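All remarks here apply to the structure that follows.
Residue numbers (the numbering used here): 1 to 65.
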């Protein structure tokens with residue numbers, strides 16, 4: 001997922017609450033922080049899935065060799 005898509009997901013979640021007590025710059029900073037955290041988590045998840053996929057392929061090759 002791209003950074004822009006994650007930012008719009010964070011904006012939609014934040015605008016769905018309708019209980020924001022913060023001013024506009026604080027809300028924007030919070031959205032950027034949440035977007036960055038989501039991007040980092042998605043990156044780690046993607047890397048973990050890729051690592052397990054490669055490990056599974058290597059184990060299956062070793063099993064048939």
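Yeah, the Cβ is synthetic: ideal placement off N, Cα and C, and Gly gets one too.
It should be emphasised that the depicted structure is a prediction, and the values quoted were computed from it without experimental measurement.
Within 9 Å, strictly: CB atoms of residue i and residue j
i	j	result
residue 8	residue 32	no
Rounded straight-line distance, which links the Cα of residue j to that of residue i
i	j	result
residue 56	residue 48	12 Å
residue 62	residue 30	48 Å
Cβ neighbours of residue i in the same chain (closer than 6 Å, five flanking residues each side left out)
i	result
residue 50	none
Residues of its chain near residue i, where Cβ-Cβ distance is below 7 Å and the 5 sequence neighbours each way are ignored
i	result
residue 52	none
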